[in-house]
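The block underneath contains the structure these notes are about, expressed in structure tokens.
There are 2 protein chains.
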Amino acid sequence: MKPVNLKRLAEELNLSIATVSRALQDSHEVSAATKERVRALAAALHYEPNAYASSLRRNQSKTIGVVIPKVTNHFFSLAINGIEEAARQSNYHVLIYLTHDDHAREVAIIQHLKGGRVDGILLSVASGTEDIAHIQSLAPANIPVVFFDRVCAEIATANVTTNDYESGYQATEHLLAAGCHHIAHLLISNNLSIGRNRQQGYLDALQAHGLPPDADLVLPDTTNRAHNEELLRELLQRRPDIDGIFASVEHLAVSAYHVCRELGRRIPEDVKIVGFSNLESVSLFDPPLTTITQPAHDIGREAARILLRALEKKRPILPSQSVVLNSELVQRRSSEQG
Amino acid sequence: MKPVNLKRLAEELNLSIATVSRALQDSHEVSAATKERVRALAAALHYEPNAYASSLRRNQSKTIGVVIPKVTNHFFSLAINGIEEAARQSNYHVLIYLTHDDHAREVAIIQHLKGGRVDGILLSVASGTEDIAHIQSLAPANIPVVFFDRVCAEIATANVTTNDYESGYQATEHLLAAGCHHIAHLLISNNLSIGRNRQQGYLDALQAHGLPPDADLVLPDTTNRAHNEELLRELLQRRPDIDGIFASVEHLAVSAYHVCRELGRRIPEDVKIVGFSNLESVSLFDPPLTTITQPAHDIGREAARILLRALEKKRPILPSQSVVLNSELVQRRSSEQG
DNA sequence: TTTATTTACGTAAACGTTTTCAGTAAATGG
DNA sequence: CCATTTACTGAAAACGTTTACGTAAATAAA
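Sequence order for the protein chains is E and V. Position one of the first sequence corresponds to residue 2 (my numbering), numbered consecutively onward. Position one of the second sequence corresponds to residue 2 (my numbering), numbered consecutively onward.
As structure tokens, then:
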């Protein structure tokens, strides 16, 4: 079976390839009658343009790369949803890459993407990332990048985040208002922008209420679930005065539930918990978890839109800008006043 | 700044483009010394081959397309994880497309993918899909497709699924053993393979225990959450004899919890619930939800591997085959015997 | 009428890579 | 010593598109 490409269409219609190409692009240089003939045959033969030939020639791929730590975190699932929505509206395609929070993998992915496979990148940096040379190398390669959620302050570009500092502050204050005096912070990572901001909010809220910071009460994620729970168990046993937990990432809140159960600490009577989470079903938890819920879908969509808007210009330079979409504290029973 | 491509490398090294290309592919037709020179300069200039030129010439994109209903369903998140893992190991890329269970969107996506953007497709069909002409058109276009989870029996290709029939049977039998006599089935869709299989398992289990089928007790998903809950509420009120619920998709189990709470039906005392779910945190539910847990990650990885293996041959024909990975019933309190 | 301008199409180059085909020089075999 | 192979390299075509340029005819302006 002969392939159906422009050449084939041109032959069957006794036209040149150029005219066929132009007809399909609805160019004004082609008569209405010819356009109609071309379109009819293209439809009949189910012509589909070769994306690679087109990309090669136009030097643009109509594709954006999404580089994220993991897709099992519900935040990123929702964000992908928003990204796909925006991309589809602009006829763009979405390539997904997972770093698994591994710096080396992130470097390899970014390096590869410089080959022109994508026109732009949406990035949420890996927690293992400290050196950012690979990200900086994108600018000279003319590949714009928009950070979402986990940003990289050293790079001048567009960021879309949520109000992490305020959320950390608010969560902490919420626990204080509920009567907590010794609040632990289960921290996503102090290497990440979001981790630092949430931690700072936590610290400032304590200070505002006259409580001294206590490094002993801050537990960063080890990326190993069993290990996390062990550290937390050890902490709760060593510090029976802990009466509040602020988990700055979903899975740590879940771990906190498990450990509290195991140790017989009642929630919220003995320990009150607030956690970042985008899981709808937290309302079914026992007890329902008070959450900081991020506008994940909107964050993804907004980041994609900014990127896509920039890509429509010939020289996609992204001005430094920060879009902040607010998270929401949803109060449930896990932090109710005893 | 001059672009760094094969031409540039060739010029700087006083070699032909052909030799540079061959050197980078470690061809035996190039001397070791030349290879070394080429590699050194390529590394120094951070040469990255243009993926589109390469794809165009070789007529293969090193990319697979993943077409799924939604990414917010945890099953698909986990599956993507497995797919990405397999793809990365084979140096393949992953394009994501969401159908949102909309047939028209699925058709458009598939049609577009015939343009050569992907070498193969992993597909989990939309619940709205009845006509499968668009899928059938992939074979003549030489694009292999592997179904996972939601298969299309009419198409002769590889399928990767879980043992849906047995799971439906097992879940129902589990509820019967726990003392239920009137078991409702909240069905994902009777248009989907998985829906039909789970429903058949449910029916057969009832029959095996001498219970007549009751169409009144089967509620298919309406894809509208509020509407689902309304129908369920109405059902539970109309049929106070219902003492067991089998939800063949996660979000319907969650809805069942909400409605039961609202109506004051105690779980598991009044109504016992079993649901398909891949959410880890169901163990924190009140009460913890008994689940059928699918090996989602493995299903994705296996489907991807089968596809990738086929793509390595020059003429990727996938023999009809069905790989079945077993789901697991994890018993928790929501189905405990009163 | 002559000269611009517009309309509609064709020719051919280009995008960056891979690969076929030749070609040269050196090495090997008889 | 000639014939043949081997080792390396280059020229050029090809993949399917887009687009700058050219051109002929038709129309408008003079």
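Quick reminder that beta carbons are idealized off the backbone N, C-alpha and C, glycines included. All figures in this text were calculated on a predicted structure; none of them were measured in a lab.
Helix, strand or coil at residue i [DSSP, three-state]
i: V:K15; result: Looking at the sequence provided, one finds Asn at residue 15 of chain V rather than Lys. The answer is coil: DSSP assigns V:N15 none of H, G, I, E or B.
i: V:N198; result: helix
i: V:A179; result: coil
i: E:Y93; result: coil
i: V:Q322; result: strand
i: V:K3; result: coil
i: E:H113; result: helix
i: E:V119; result: coil
i: V:Y203; result: helix
i: E:F146; result: First, the residue type needs correcting, since residue 146 of chain E is Val and not Phe in the sequence shown. DSSP places E:V146 in strand when its eight states are reduced to three.
i: E:Y98; result: strand
i: E:H186; result: strand
i: E:N160; result: strand
i: E:A140; result: coil
i: V:K273; result: strand
i: E:A127; result: coil
i: V:I243; result: coil
i: E:A248; result: strand
i: V:I69; result: strand
i: V:I300; result: helix
i: E:V255; result: helix
i: V:V152; result: coil
Contact set for residue i: own chain, Cβ-Cβ below 6 Å, skip 5 residues either direction
i: E:H196; result: It is Gly, not His, that sits at residue 196 of chain E in the sequence shown. Only L188, I189 and S190 meet the Cβ criterion.
i: E:S56; result: S62
i: E:S168; result: I293 and S328
i: V:A206; result: Y170, T173 and E174
i: E:N192; result: S128
i: E:G202; result: Y166, G169 and Y170
Cβ-based neighbour list, residue i, same chain, cut-off 7 Å, excluding 5 preceding and 5 following
i: V:R334; result: P269, P288 and P289
i: V:A172; result: F247, V275, I293 and L330
i: V:R9; result: K3
i: E:Q420; result: Outside the displayed range of chain E (2 to 339) lies residue 420 of chain E, so it cannot be described from this structure.
i: E:I18; result: L7, K8 and A11
i: E:Y93; result: K63, T64, I65 and L309
Beta-carbon separation (whole angstroms), residue i vs residue j, contact threshold 8 Å
i: V:R38; j: V:V31; result: Between V:V31 and V:R38 the Cβ distance is about 10 Å, and since that is not below 8 Å, they are no contact.
i: V:N160; j: V:S323; result: 5 Å
i: E:R199; j: E:S249; result: 4 Å
i: V:L330; j: V:H186; result: V:L330 to V:H186, Cβ: 16 Å. No contact.
i: V:G180; j: V:V146; result: Not really, about 44 Å apart at Cβ, beyond 8 Å.
i: V:L308; j: V:L123; result: 6 Å
i: V:A297; j: V:F76; result: 5 Å
i: V:R266; j: V:L237; result: 7 Å
i: E:G301; j: E:G117; result: 24 Å between Cβ atoms; not a contact.
Residue i: contacting residues in chain E (beta-carbon distance under 8 Å)
i: V:E49; result: Q112, H113, K115, G116 and G117
i: V:T73; result: H75, S78, L79 and N82
i: V:S249; result: Those within 8 Å of V:S249 in chain E number zero; the least Cβ separation is about 17 Å.
i: V:H183; result: Residues of chain E passing the Cβ test: none, with the nearest at roughly 23 Å.
Chain-ordered chain V contacts of residue i [CB-CB under 8 Å]
i: E:L10; result: Those do not exist, as E:L10 stays about 14 Å from chain V at its closest Cβ, beyond 8 Å.
i: E:V255; result: E281, S282 and L285
i: E:H135; result: Under the 8 Å cutoff, chain V gives no residues; its nearest Cβ is about 10 Å from E:H135.
Partners in chain V for residue i, counting only beta-carbon separations shorter than 7 Å
i: E:A54; result: L57
i: E:S336; result: In chain order: nothing, as chain V lies at least about 15 Å away.
Proximal chain V residues relative to residue i, where beta-carbon distance stays under 9 Å
i: E:S62; result: A52 and Y53
i: E:S107; result: Strictly speaking, residue 107 of chain E in this sequence is Glu, with Ser absent from that position. Here the premise fails: no neighbours, minimum Cβ distance about 13 Å.
i: E:D190; result: Reading the sequence as shown, one finds Ser at residue 190 of chain E and not Asp. Going along chain V, no residue has its Cβ under 9 Å from E:S190, so there is no contact; the nearest lies around 20 Å.
i: E:H186; result: In chain order: nothing, as chain V lies at least about 20 Å away.
Under 7 Å by beta carbon: chain E residues contacting residue i
i: V:E85; result: I97 and L99
i: V:Y258; result: L285
Own chain residues within Cβ distance below 8 Å of residue i, not counting five before or after
i: E:V72; result: S78, I81, I97 and L99
i: E:R306; result: A87
i: E:E230; result: S256, H259 and V260
i: E:E107; result: V68, T100, V126, A127, G129, T130 and H135
i: E:S321; result: A157, T158 and A159
Residue i Cβ short of 7 Å to the ligand PLP heavy atom set
i: E:Q338; result: Of the ligands one can find in the structure shown there are none, so the ligand PLP has no counterpart to examine.
Contacts of residue i in chain E (Cβ-Cβ under 9 Å)
i: V:H104; result: Under the 9 Å cutoff, chain E gives no residues; its nearest Cβ is about 16 Å from V:H104.
i: V:H175; result: Those within 9 Å of V:H175 in chain E number zero; the least Cβ separation is about 20 Å.
Where the stretch 202-231 of chain V meets chain E: residues whose CB sits under 7 Å from a CB there:
So the list is empty, because no residue satisfies the distance condition.
If contact means a Cβ-Cβ distance below 8 Å, which residues of the stretch 159-172 of chain E contact chain V?
none
Of the residues that make up the stretch 16-36 of chain E, which ones have a beta carbon closer than 9 Å to any beta carbon in chain V?
Taking 9 Å as the Cβ-Cβ cut-off against chain V, none of the residues of the stretch 16-36 of chain E qualify.
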